[in-house]
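J.: I have a structure I would like to understand better, so I am pasting it below and will then ask my questions one at a time.
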Amino acid sequence: MWSRSSSSTTGSRNCWRPLVDAATAATLAAVVKGRVGGFLRNVYEIGHAGTCDVCRGPSAGSAVCGQCSNARAELNGLMCDHTLMLTYAQGDNRPYLHQSAHLMQTYKATPPVQRSVDDLRLIVNIGTLLHGDCIRQELGHLWDSVTYVPSSRGRQGDHPVQQLATAVRQVVDPAAVQRFLLDLGPGYVPGCTRVRRADRFAVSDEWQGAVRGKHVLVVDDTWTTGASIQSAAAALKLAGAESVTGLCAARWLKWSWPDHAALLGMCTSDYDALRCMVREGRCLVGRQP
């Protein structure tokens with residue numbers, strides 16, 4: 038499925054799934070809430086006052102936070118054109134580890150805890166199904182190909198993030214959206230996960246056709262600083278991608294950082310898959326085309 042052999046893609050721009058009806062949407066959201074609703078939180082939508090349009094973290098008085106502004110400068114603007122975050126995870130919640138942080142840690146364990154992998158796959162799958170039309174309208178196009186951020190531990194095929202990439206509803210059908218692998222680039226340094234470099238990752242010659250002139254989706258499990266996924270976006274742009282969308286299952290926030298704590302303090306409602314991460318107030322869930 039994620040082999041090193043190239044595969045063709047057909048009709049990807051016409052394969053976006055239609056809206057689900059309101060009853061089905063409510064049923065699916067109830068399933069997600071029963072699994073993770075008690076400890077995960079919804080991200081604020083794009084354009085929400087006080088949050089960054091790129092990373093959905095705190096950003097007082099500006100649409101883009103300082104960290105994302107610095108990333109744009111360091112990468113010469115070679116960044117994701119759009120970013121999608123599904124949940125907030127709460128780190129450093131002393132004196133105990135928050136369940137959302139436990140979920141992410143057990144997902145990243147070696148080997149990963151399958152229940153945690155399944156929970157994140159469910160969030161990605163249902164979230165992108167319910168809000169697929171809102172995502173399409175926000176981006177203005179569909180995805181031609183999909184990849185994921187290679188593991189900093191050197192794991193490739195067996196890393197659970199590939200399961201998250203496959204779970205994106207619009208790429209479930211492998212005949213519709215081409216799947217390809219990113220390589221580690223000459224600028225990759227083991228253990229330096231927060232370094233933003235355009236050469237940290239690379240697109241091999243065999244995958245040029247999946248990238249050049251294409252709308253590419255790149256998936257990661259967690260956004261902490263955004264260094265990994267933005268470096269991946271830079272590599273894709275350098276390889277000729279027309280546009281890059283970054284999707285992360287969880288935006289990691291820390292209670293030990295005052296601005297993060299203030300944002301988390303406002304996020305008190307259980308995770309609800311019906312709440313749109315893109316167009317809250319203009320969401321199309323349950324409406325007929």
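Under this note's numbering, the first residue of the sequence shown is numbered 38, with each subsequent residue one higher. Think of the CB as a built atom: it goes at the ideal place given N, C-alpha and C, for glycine as much as any other residue.
If you compare alpha carbons, which of R319, A204, C313 and L321 is closest to M122?
T.: The residue labelled residue 122 in the question sits at position 85 within the sequence shown. Measuring from the Cα of M122, the nearest candidate turns out to be C313.
J.: Scan the stretch 138-173 and note each continuous alpha helix (DSSP H) run of 4 residues or more that stays entirely inside, going in chain order.
T.: Whole alpha helix (DSSP H) segments, 4+ residues: 151-167.
J.: Within 10 Å of its beta-carbon, does V226 have 16 or more other beta-carbons around it, so buried, or fewer, so exposed?
T.: Residue 226 sits at position 189 when you count from the first residue of the sequence shown. It counts as exposed.
J.: Does the distance from the C-beta atom of Q215 to that of A247 stay below 7 Å?
T.: Taking the first residue of the sequence shown as position 1, residue 215 is located at position 178. Taking the first residue of the sequence shown as position 1, residue 247 is located at position 210. Result yes, Cβ atoms of Q215 and A247 sit closer than 7 Å.
J.: For M303, report the span of its alpha helix (DSSP H) as first-last.
T.: Here residue 303 refers to the residue found at position 266 when the sequence shown is read from its first residue. Counting along the chain, the alpha helix (DSSP H) containing M303 begins and ends at P295 to M303.
J.: Report the three-state DSSP secondary structure of D242 (helix, strand or coil).
T.: The sequence position of residue 242 within the sequence shown is 205, counting from 1. D242: helix per DSSP, three-state reduction.
J.: Quick check on the burial criterion: 16 or more other C-beta atoms within 10 angstroms. Buried or exposed for Y125?
T.: On the sequence shown, position 88 is the one that residue 125 refers to. Buried.
J.: Residues in the same chain with beta-carbon distance under 7 Å from P7, minus the five sequence neighbours each way, listed in chain order, please.
T.: In the structure displayed, the chain extends from 38 to 326; residue 7 sits before or after that span and is not available.
J.: Please classify E82: is it buried, with 16 or more other beta-carbons within 10 angstroms of its beta-carbon, or exposed?
T.: Against the sequence shown, residue 82 aligns to sequence position 45. Buried is the call here.
J.: For R237 and N130, what's the separation of their Cα atoms in angstroms?
T.: Position 200 of the sequence shown holds residue 237. Position 93 of the sequence shown holds residue 130. R237 and N130: Cα-Cα distance of roughly 32 Å.
J.: Going by Cα to Cα distance, which pick from G94, Q151, R206 and R158 is closest to R173?
T.: As a first step, residue 173 is located in the sequence shown; it is residue number 136 there, counting from the start. Closest by alpha carbon: R206.
J.: Would you mind stating whether R231 and A276 have Cβ atoms separated by less than 7 Å?
T.: For this step, residue 231 is matched to residue 194 along the sequence shown. For this step, residue 276 is matched to residue 239 along the sequence shown. In this structure, A276 does not lie closer than 7 Å to R231 by Cβ.
J.: Output needed for A271: all residues of its chain with C-beta closer than 6 Å, excluding positions within five of it in sequence on either side, in chain order.
T.: Taking the first residue of the sequence shown as position 1, residue 271 is located at position 234. Excluding positions up to five away in sequence, the list reads L112, L115 and A235.
J.: Of the choices R249, G87, G75 and P95, whose alpha-carbon is the least far from that of K291?
T.: For the purposes of this step, residue 291 is taken as the residue at position 254 of the sequence shown. With distances taken between Cα atoms, K291 lies closest to P95.
J.: I'd like the span of the alpha helix (DSSP H) that includes V57, first residue to last.
T.: Within the sequence shown, residue 57 is the residue found at index 20, counting from 1. Counting along the chain, V57 falls outside any alpha helix (DSSP H), and DSSP gives it neither H nor E.
J.: Here's a check: name, in chain order, each residue in its chain whose Cβ is nearer than 8 Å to the Cβ of C102, leaving out the five neighbours to either side.
T.: Numbered from 1 along the sequence shown, position 65 holds the residue referred to as residue 102. Excluding positions up to five away in sequence, the list reads C89, V91, C92, G94, P95 and S96.
J.: Please go through the same chain and pick out, in chain order, the residues whose beta-carbon is closer than 8 Å to the beta-carbon of V208, but skip the five residues on each side of it.
T.: Taking the first residue of the sequence shown as position 1, residue 208 is located at position 171. W180, V183, A202, V214, R216 and L254, listed in sequence order.
J.: Quick one: is V68 buried, meaning 16 or more other Cβ sit within 10 Å of its Cβ, or exposed?
T.: In the sequence shown, counting from the first residue as 1, residue 68 sits at position 31. V68 should be labelled exposed.
J.: How about A204 and V161: are their beta carbons less than 7 Å apart?
T.: Against the sequence shown, residue 204 aligns to sequence position 167. Against the sequence shown, residue 161 aligns to sequence position 124. It is a contact, given that the beta carbons lie within the stated cut-off.
J.: Taking G71 as the reference, give the member of D309, C320 and E317 with the closest Cα.
T.: What you label residue 71 is simply residue 34 of the sequence shown in a count that begins at 1. Ranking the options by Cα distance to G71, first place goes to D309.
J.: In three-state terms, what does DSSP make of L284?
T.: Position 247 of the sequence shown, counting from 1, holds the residue named residue 284. Reduced to three states, the DSSP call for L284 is strand.
J.: Assuming S280 and H297 form a contact by the criterion Cβ under 8 Å, report the distance between their Cβ atoms to the nearest whole angstrom.
T.: As a first step, residue 280 must be located in the sequence shown, where it is residue number 243. As a first step, residue 297 must be located in the sequence shown, where it is residue number 260. That pair is no contact at about 29 Å.
J.: Decide if E243 is buried, meaning its Cβ has at least 16 other Cβ atoms within 10 Å, or exposed.
T.: By 1-based counting over the sequence shown, the position of residue 243 is 206. So E243 counts as exposed.
J.: Please find out if some non-hydrogen atom of the ligand NAD comes closer than 6 Å to the beta-carbon of F217.
T.: Summarising the ligand content, the structure contains no ligands, and the ligand NAD is consequently not present.
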